[in-house]
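J.: Under the working numbering, the first residue of the sequence shown is numbered 4, with each subsequent residue one higher.
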Amino acid sequence: MICYTISDLEGLLVDLLPETSTFDFIVNTDYYIGNSLYILSYVFLILLIAQGVNFIQVLKNFKIHLIVLLSLNIWLVYVLQVIVTPTTMYGGEFFLELIYNVVMLLLLSVALLNYFYKDNKKALYLFLGTMCIVFSEVVDVAYIYMAHRHLLVLLSTTLTLLAFFFFCRQAELLDVKKDGMYV
Numbered sequence: 004m005i006c007y008t009i010s011d012l013e014g015l016l017v018d019l020l021p022e023t024s025t026f027d028f029i030v031n032t033d034y035y036i037g038n039s040l041y042i043l044s045y046v047f048l049i050l051l052i053a054q055g056v057n058f059i060q061v062l063k064n065f066k067i068h069l070i071v072l073l074s075l076n077i078w079l080v081y082v083l084q085v086i087v088t089p090t091t092m093y094g095g096e097f098f099l100e101l102i103y104n105v106v107m108l109l110l111l112s113v114a115l116l117n118y119f120y121k122d123n124k125k126a127l128y129l130f131l132g133t134m135c136i137v138f139s140e141v142v143d144v145a146y147i148y149m150a151h152r153h154l155l156v157l158l159s160t161t162l163t164l165l166a167f168f169f170f171c172r173q174a175e176l177l178d179v180k181k182d183g184m185y186v
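1. Helix, strand or coil: which one does DSSP assign to Phe65?
2. Let me make sure I understand the geometry here. Which of Leu129, Asn123, Ile36 has the alpha-carbon closest to that of Ser112?
3. May I ask you to report which of helix, strand or coil DSSP gives Leu177?
4. Could you compute how far the alpha carbon of Gln173 sits from the alpha carbon of Ala166?
5. Does the segment 112 to 123 come into contact with the segment 142 to 158, if we say contact requires no fewer than three beta-carbon pairs (one atom in each stretch) closer than 8 Å?
6. Taking Ile86 as the reference, which of Leu99, Ser159, Ala145, Glu96 has the closest Cα?
7. Measure the beta-carbon distance from Asn104 to Leu83 and round it to whole angstroms, keeping in mind my assumption that it falls under 8 Å.
8. Can you tell me which of the three DSSP states Val144 falls into?
9. Contact check, Ile36 vs Glu13 under 8 Å by CB: the rounded distance?
10. At least one CB of chain D closer than 8 Å to the CB of Phe169: is that the case?
11. Kindly give me the distance between the Cβ atoms of Phe97 and Thr88, rounded to whole angstroms, as I take these residues to be in contact under 8 Å.
12. Among the residues of its own chain, which have a CB less than 7 Å from the CB of Asn76, if the five just before and after it don't count?
13. Can you tell me the Cα-Cα spacing of Lys125 and Leu176, whole angstroms?
14. Once DSSP output is grouped into helix, strand and coil, what is the label at Arg152?
15. Could you check whether Ser10 and Leu40 sit closer than 8 Å to each other, using their CB atoms as the reference points?
16. Please report the straight-line C-alpha distance between Val106 and Glu140, rounded to a whole angstrom.
17. Quick check on the burial criterion: 16 or more other C-beta atoms within 10 angstroms. Buried or exposed for Leu131?
18. How about Leu127 and Tyr45: are their beta carbons less than 8 Å apart?
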């Protein structure tokens, strides 16, 4: 939450700067720092979710799910990169976007596998929150790289708020096992 919030606040502060060549360095730096902080926040969330999952059991019980998920993730990363490639001017931007998209989809996959593994309300809320965050990011890609429509900003913001609602709801629940199974 801290990394995500710092990145959002940094973005707000940079948006308040006047558009002059004096601040170009700050705006360019904001892109790298802000996205790196988002990536870091998603990595922390992945680690938080993954620590409650027995991946050996997941590999044993969800082979088909993993193959489909991996195939879907590869295709989605490819599509997202095709969208952002024409506007990324430097190699650093391309690789940052690639890492961002891979981490974002890895987060969604880990949250889904966590839900499959635990099959409880807490894991469901965590998955729904993660899904809202990822959909929000995809809508942001559409806004930034395809069409500057205010409806996309509204949709992205709504999905982000909904994600935090689900994260808060799941935080209130206990992740307990009953007869060796999560409930």
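Every residue gets a Cβ at the ideal spot worked out from N, C-alpha and C, and that includes glycine.
T.: So, to answer that:
1. Three-state result, Phe65: coil.
2. A check of alpha carbon separations from Ser112 across Leu129, Asn123, Ile36 identifies Leu129 as the nearest.
3. Three-state DSSP puts Leu177 in coil, outside helix and strand.
4. Answer to the nearest angstrom: the Cα atoms are 11 Å apart.
5. Too few Cβ pairs lie closer than 8 Å, so no.
6. Out of Leu99, Ser159, Ala145, Glu96, the CA that lies nearest to the CA of Ile86 is found in Ala145.
7. Their Cβ separation, rounded to whole angstroms, is 5 Å, which keeps Asn104 and Leu83 in contact under 8 Å.
8. Look at Val144 here: in three-state DSSP terms it is helix.
9. That belief holds up - the Cβ atoms of Ile36 and Glu13 are roughly 7 Å apart, short of 8 Å.
10. Reference to chain D is not applicable here, since this structure consists of a single protein chain.
11. About 7 Å separates the beta carbon of Phe97 from that of Thr88, a gap short enough to meet the 8 Å contact definition.
12. By the criterion of a C-beta distance shorter than 7 Å, Asn76 is surrounded in its chain by Leu108, Ser112, once the five residues flanking it on both sides are discounted.
13. Separation of Lys125 and Leu176 (C-alpha to C-alpha, rounded to the nearest whole angstrom) is 6 Å.
14. Here Arg152 sits in coil by DSSP.
15. The answer is yes: Cβ separation under 8 Å.
16. Cα-Cα distance, rounded: 12 Å.
17. Taking all protein chains shown into account, Leu131 has 16 or more neighbouring C-beta atoms within 10 Å of its C-beta and is therefore buried.
18. Not in contact: Leu127 and Tyr45 (Cβ atoms no closer than 8 Å).
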